[in-house]
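Visitor:
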Amino acid sequence: MSDKRKVVIDCDPGIDDCFALMLCIRHLDVVGIVAVGGNTGLQYTERNARYMTELTGRPDIPVYAGYDMPMLNKLVRATEVHGSGGLGTVVIEEPKKQLEKQHGVDYLIDTFMNHDDISLITLGPLTNVAQAILKEPELKKRIPEILCMGGSAFVGNTTPTAEFNIYVDPEAAKIVFESGIPIRMVGLNVTRQNRMTPDDVEILKKMGNPVADFAAQILSFTAGMNGRTGLCDACAVSWLVDPDIITKSAMVHVDVETKGEFTRGMTVCDWREYMGKDPKEDIAHEKQFVQWNPTPNVEVALEFNEERFRQVLFDTIESYGRQ
Ligand code: BDR
Ligand code: CA
């Protein structure tokens, strides 16, 4: 029996999702992968997830397809960042590995209703998870934790205030963030601290194994665009892979904005207790004015050891040459 942490990954691969899968498959016990439409359409995200299980030598990991479209929102994709097929300009053959027949949402329900020891990682829009909660409300008590790449403590990317995964399906994110399930959020405030450049493509090329070759090809697409990129989803999963990579976090209340003219899809973090130079400084002063004082519901990552992240990422990709 493996003593690795068991996880189910809901994702929309996507270039940085592929890097996250490389880390998770090596370091965690990946019980299943569910694809969601996001960066590109579901037909590509589920195919790319199947491809990654083959590439990493783990075609035994089941892959399910969930929802392609957000609950209410108009469709938003990120094909300009990830390419129309989700892998930059890399063209892959249809994997031999088959997609599971069960719908991804039913898989999530069955898995979490019948197991207590599996964490849920989300690297895409939260559509599948929200639909699963609506279909089986007991899930709110059954999912022990969600590690979520999404949102931001401060800054957006798709809009000035909203991060892509939340912006694509704000209603779904609201359902999940209000569910009471313990959430750890790794948002753009952390993942923007990661800088991958064309020099990193060269490092990967020299490793000489199929996973590294693929990593170099997909990274060259995004890193080449502006001379640098951040692997958001890989940064997020690193919190489970090596807990020392996230060096500071705080429990705060986070709401998802679904109505604002300029703020739809924003993760509104309640930093009122953290007004001073250090967390909690000035708290007594701030409290005087607080009329509405919601309970913290999310552990928000704040600081990140980039050097350590890069080390773990490169070591992991290199290790695929020794499998
Ligand atoms: C998130 O959006 C997607 O484009 C990435 O895969 C990542 O999950 C970053 O905002
Ligand atoms: Ca993603």
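Sequential numbering of the sequence shown, starting at -13, is according to my numbering. For glycine and all other residues, C-beta sits at the position ideal for the given N, C-alpha and C. Since the structure is predicted, the reported quantities are computational estimates derived from the model, not experimental observations.
1) With a threshold of 8 Å, establish whether the CB of F207 neighbours any heavy atom of ligand 1.
2) Pick out the complete alpha helix (DSSP H) segments inside the region 148 to 222, 4 residues or longer, and give them in chain order.
3) Helix, strand or coil: which one does DSSP assign to Y53?
4) Quick test of your reading: E122 and G136, contact by CB under 8 Å. State the CB separation rounded to the nearest angstrom.
5) Which residues neighbour ligand 2 when neighbourhood means a C-beta less than 5 Å away from any of its non-hydrogen atoms? List them by chain order.
6) Determine whether the beta carbon atoms of D3 and N25 lie at a separation below 9 Å.
7) Less than 9 Å between the C-beta atoms of V154 and V62, yes or no?
8) Per DSSP, what kind of secondary structure is S235 in: helix, strand or coil?
9) Please classify L106: is it buried, with 16 or more other beta-carbons within 10 angstroms of its beta-carbon, or exposed?
10) Taking the alpha-carbon positions, what's the P81 to I167 distance?
11) Where does I303 sit, in a helix, a strand or coil, going by DSSP?
12) Per DSSP, which one or two residues make a beta bridge with I132?
13) Along the chain, where does the beta strand (DSSP E) that runs through T253 open and close?
14) Am I right that V49 and E86 are in contact with their C-beta atoms under 8 Å? What's the rounded C-beta distance?
15) Going by beta-carbon coordinates alone, are A220 and N180 separated by less than 9 Å?
16) Buried or exposed for T39, going by 16 or more other Cβ atoms inside 10 Å?
17) Round the Cβ separation of L73 and F98 to the nearest angstrom and send it over; I've been treating them as touching at under 8 Å.
18) Can you determine whether any heavy atom of ligand 1 sits closer than 8 Å to the C-beta of V67, and answer yes or no?
19) Leaving out the 5 sequence neighbours to the left and right, which residues in its chain are closer than 6 Å to L7 when beta-carbon positions are compared?
20) How about F150: is its Cβ closer than 8 Å to a heavy atom in ligand 1?
21) Tell me the rounded alpha-carbon separation between P156 and L120.
22) Go ahead and label D46 buried or exposed: buried means 16 or more other beta carbons lie within 10 angstroms of its beta carbon, across all protein chains shown.
23) According to DSSP, is I78 helix, strand or coil?
24) Any idea what DSSP makes of G72, helix, strand or coil?
25) For D228 versus V240, is the C-beta spacing smaller than 9 Å?
26) Out of curiosity, what's the CA-to-CA distance linking T65 and G23?
Guide: Reading it off the structure:
1) no
2) 150 to 154, 156 to 163, 174 to 177, 184 to 193, 196 to 212
3) coil
4) Not a contact, Cβ separation roughly 22 Å.
5) D(-2), G0, D3, L109, G110, D219
6) yes
7) yes
8) strand
9) buried
10) 35 Å
11) helix
12) L106, I169
13) 253 to 255
14) 6 Å
15) yes
16) buried
17) Actually they are not in contact, since the Cβ atoms of L73 and F98 sit about 30 Å apart, beyond 8 Å.
18) yes
19) M38
20) yes
21) 15 Å
22) exposed
23) coil
24) coil
25) no
26) 12 Å
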